[in-house]
Structure formats: structure tokens, C-alpha cells
Amino acid sequence: MKLWEGLEQDLNYNAMVSQRGILNLIHSDAQRDAFTRRGNAMILNGADADLLSTEIIQKRYPFLNVSNARFPIKGGLAQHRGGTVRHDAVAWGYARGADQMGVDIIQNCEVTGFRIKGGECLGVETSRGYVAGGKIAACVAGSSGRLMGKANMRLPIESHVLQAFVSEGLKPVLPGVITFGAGHFYCSQSDKGGLVFGGDLDGYNSYAQRGNLPVVEDVCEGAMAIFPMLGRVRLLRMWGGIMDMSMDGSPIIDRTHIEGLYFNGGWCYGGFKATPASGWCYAHLLATDAPHEFAKAYRFDRFEKGLMIDEKGVGNNPQLH
Amino acid sequence: MIINHPLLGPRDSAEFTYMGDAKQIDRPDWQSPNALAQFIDYAYMRDNPAGAHRELWYHEQGDRSFLVVTRDTTTHEIFSVELASDVARIQGRIA
Ligand SMILES: Cc1cc2nc3c(=O)[nH]c(=O)nc-3n(C[C@H](O)[C@H](O)[C@H](O)COP(=O)(O)OP(=O)(O)OC[C@H]3O[C@@H](n4cnc5c(N)ncnc54)[C@H](O)[C@@H]3O)c2cc1C
């Protein structure tokens, strides 16, 4: 969190970091128990969490339908320091920062293979020629399976499609990020006024970068359940991106069995919020060859050792995490 | 997506539950000497191809059959649909 808070100063770049708060809505007693536990876990780990009553929620967000017959709002878990960031600006800011520190960024250059000799990775073959390196670090999200396949590695990861949606521009209507807990729906409002929202994965392996209509319907139904005011809002655009869904819903930041080849991936659909911390821990691993304290559990061998980090307890079903 | 069910004809994919890679038909023999390694591979490791993918779809809102669907993961085009029980029978896994 502090890495986000200092990001714009560190990079001298406006990434539109906006700590407008995030609210996870609660719809049942069981969910209140689960979210109370989540809130306690957050506080124990030094983050903030605040359990809000329906009355407070209604006062702060008067447009929410708290008495939906099927999914009444029974409360919420708020992290007031959470919020939104402009994702392009994060990529640009980091790229410029890295460039200024002497990193060479080679654009339009695809890694097409790894040069591996005697169990050691010596460099990468690319569409623009061979690049040698002492340490090779892979970090390609949805393309993880395809890339590591070039090193004859199979991963505990499936690639799935997740869709996102933007509405036409509206006056300010939504102060913060709100997630619907009974289905899967989350929403915030961009500075341009469009509502930015999404929901579940489509639920099948995909590299197509586009989804199908059943999920569009499901997401819009989630929206209507809590924001009946959105009924007349028009969808402006939607798209699908490829998620590196791991078998337990948690990421991997680790060395591979090939000397000199490292891997960071399996972030599922939570990889953006993790960007600074993920990079921080990966850099630590690359520099010291030992996992960072925060990433000690994110190892390849946790599956064979039975040490999965399966927060939802749904087992090896990547599409359900 | 429309899945051409071998018994019921074309059905909306929304009637189905996706169950992942069809290799899950090939449950390893728990008595084989390297059963542990085989089960780790079976449960957790995936080819995850960009292109033709053999996968299991469960017709939960229909006749409850498991289907093996061969589908292009880059276009969502479906090449073939078989009953998983037929596939298992051809492999000699069931009588
Ligand atoms: C619709 C959608 C909504 C999302 N919403 C959220 C959200 O609200 N919160 C959140 O935390 N996360 C969200 N995510 C997930 C998040 O966007 C990703 O986890 C994150 O962007 C991954 O960052 P990355 O830098 O690891 O990978 P990417 O940003 O995907 O970068 C990987 C790079 O590797 C390159 N690459 C791939 N293969 C090769 C190769 N062979 N050679 C060279 N380069 C290669 C690609 O071109 C790409 O530039 C969402 C994702 C999607 C699709």
C-alpha cells in the first residue's frame, strides 16, 4: 500500500492514484463472519479494515438498494486506503523510471525461445536476435503458459478470459469502489465519468481476448441488484483480457528448476493491485536468489507439498478462484 | 458458444459447467510406483495450449453427461464434441 502511496513521487509521474476507498458489500450472516475474518486478517497484517453497518452504508451511498428481496445489504467491509489507479500510467511511469535508471526496454521484440545448456538458461532467442543474460526473469501474465512452454515447462496455471466494461460518461455518481458480494460485480467511476465495472471470468480456457454474452448478462444483473439507478445507462465498450489463473488462486514468484531462469505469474485477476509489491519481491529474488519474506509461500513446490494458498477453498479449479 | 451435443444436438454453452482439461479422464493408478508424481501432474499441471484444447464440459442443466469438447482457445471455434463415456470406453477405462 505504501508503495502505491509513494509511487507518483518516486517516479515523478501522475498515475492518478486515488485512494477513494473500497467497500465489499455483505449480504448474509455467513458472509459477515467471513468478511469479519478477512478484516481481522488485514489488520493483523498491518492493513486497514473497517466493518460498516447498513445504516452507515446507506448514509454514505444513498443510491444503493439495501433492501433487495434476494440480496439485501447487511453491512460492508471497507478499506479506506484502497481505490483506483490509472493502469496505463503505471506502466508508462515504471517504464520511464526504469529507462532513466539505465534499463534497456526493447519494444516489439518477442521472446521465441530459451537457450538452455546443461540445465542452465544462458539467454533468450527473440524475433530480433539472441540476447544473453546472467539471469532471465519471465513475467508475462496471461502468456505464462505459452512462454514457459518454450522452456519445456508446464505450469499449474490455465489462461482464462475476463471481461471489463465501461459505460457512457456520467456526472459523478459513485464515490469509491463498490463490490457486490452475492454475485460477482465490482464498479468504480473514472475521472472521465464512465463507470468501469466487471464480474466473473467467462470460465473456460481462452486466449481469444474476447468473451461471450452470458457473462455480460450476469455482470449487468449484478449491477442492477445493487444499483437500480443504472437501469438506463448505456454500455460504451467492453473487452476481454487473458488471466493467468493458478490452481490455488495465488501467485508464484520463484526460481524454476532451470538454473538462471525465474518466473513470476499466476496472479489471476488481482495482478494489477499487486504490481509494486510483486515487482519488489521479484527484484529481491533476482538480486539475492532467496525469496523475499512476503513471498516465501509463493513457490512452485507448494502444490506437491500440499501447501496451497487457496483462500476460497475451491480446490484445483482455476476458473473458480 | 454453441456446443453440438452428440445426443441432444446444438445447446447453449450456458447450460454446461466447464470442468477443465480432458486429461482428467486419465486418472492415474494409485498403486503405481510413482503414483505421487503422477497425481501431482494430474491434479495441478496443465498444457494450457493456445490453439486446439481437449476439455470437459458437464451438461449440468441438461442430461448430466460429460462431454469432451475440442475447441480452439484462440477463436472459441469448436472442432468436435464426444461423449466422455465414449472416450473412456475407447481408452478401455470403462467396459
Ligand atoms: C479485464 C481485466 C480486468 C482486470 N481488473 C483488475 C483489477 O481490477 N485489479 C487487479 O488487481 N487486477 C486486474 N486485472 C489483472 C491485471 O490486469 C494483470 O494481473 C496485470 O496487468 C498483469 O501485469 P503484468 O505486468 O504481470 O503482465 P502484463 O501487463 O500482461 O504484461 C505482460 C507483457 O509481456 C509481454 N509478453 C508476453 N509474451 C511475450 C513474449 N513471448 N516475449 C516478449 N514479451 C511477451 C506482453 O506483450 C505484455 O506486454 C484485470 C485484468 C483484465 C484483463
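Protein sequences appear in the order of chains A and B.
Residue numbers for the first sequence follow my numbering, beginning at 3 and rising by one.
Residue numbers for the second sequence follow my numbering, beginning at 156 and rising by one.
Just so you know, even glycine gets a beta-carbon here, dropped at the ideal spot from N, CA and C.
Contact annotation: in the region 197–230 of chain A, residues whose CB is within less than 7 Å of a CB in chain B are Gly205, Tyr206, Asn207, Ser208, Tyr209, Ala210, Asn214, Pro216. Note that the C-beta distance between A:Met18 and A:Arg83 is not below 8 Å. Here DSSP, grouped into helix, strand and coil, assigns B:Ala177 to helix. Annotated three-state conformation of A:Asp193 is coil, per DSSP. A:Arg301 does not reach chain B, its nearest Cβ partner there being about 13 Å away, counting only Cβ pairs nearer than 7 Å. The secondary-structure analysis by DSSP pairs B:Gly247 with nothing; it has no beta-bridge partner.
Of all alpha-carbon atoms in A:Lys137, A:Glu7, A:Val68, the one lying nearest the alpha-carbon of A:Ile260 is that of A:Lys137. Excluding the 5 residues flanking it on each side, A:Val142 has same chain C-beta neighbours closer than 6 Å at Leu149, in chain order. For B:Phe194, the enclosing alpha helix (DSSP H) has its first and last residue at 190–199. At a threshold of 7 Å, A:Ala166 counts as near ligand 1, since its beta carbon sits closer than that to one of the ligand's heavy atoms. Under the three-state reduction of DSSP, A:Asp90 is assigned to helix. Contacts between A:Met245 and chain B, judged by CB atoms closer than 9 Å, are missing: the closest CB pair is about 12 Å apart.
Annotation for A:Ile24: Gln81, Gly84, Val179 place their beta carbon closer than 6 Å to its own, counting only its chain and skipping 5 residues before and after.
The three-state reading of DSSP puts A:Phe229 in coil, since its state is none of H, G, I, E or B. The distance from the Cβ of A:Ser161 to that of A:Asn207 is about 6 Å, consistent with a contact at the 8 Å cut-off.
The secondary-structure analysis by DSSP pairs A:Asn26 across a beta bridge with A:Leu79, A:Thr181. Exclusion of A:Glu127 from the 7 Å shell around ligand 1 follows from its C-beta lying no nearer than that to any non-hydrogen atom of the ligand.
Residues of the same chain with a CB within less than 8 Å of the CB of B:Leu211, apart from the 5 flanking positions on each side, are Tyr173, Met174, Gly175, Asp176, Ala177, Gln179, Ile180, Phe221, Leu222, Val223, Val224, Ala239 in chain order.
Within chain A, no residue has its CB atom less than 7 Å from the CB of B:His214, the nearest being about 14 Å off.
A straight-line Cα-Cα distance of about 21 Å links A:Gly242 and B:Ile158. Looking at the DSSP output, B:His208 bridges to B:Arg226.
CA-to-CA, the gap between A:Phe265 and A:Asn70 works out to about 45 Å. The straight-line gap separating the alpha-carbon atoms of A:Asn47 and A:Arg40 is approximately 11 Å. Under DSSP, A:Gln211 takes part in no beta bridge, so it has no partner.
Around the CB of A:His89, fewer than 16 other CB atoms lie within 10 Å, so the residue is classed as exposed.
If you check the C-beta of A:Phe274 against ligand 1, you find a heavy atom less than 7 Å away. If only uninterrupted alpha helix (DSSP H) runs of at least 4 residues are considered, those enclosed by the region 292–323 of chain A are 304–307. Taking a cut-off of 8 Å for Cβ pairs, the region 215–225 of chain A and the region 55–70 of chain A do not touch, as fewer than three such pairs fall below it. The CB of A:Gly178 never comes closer than 8 Å to any CB in chain B; the least such distance is about 32 Å.
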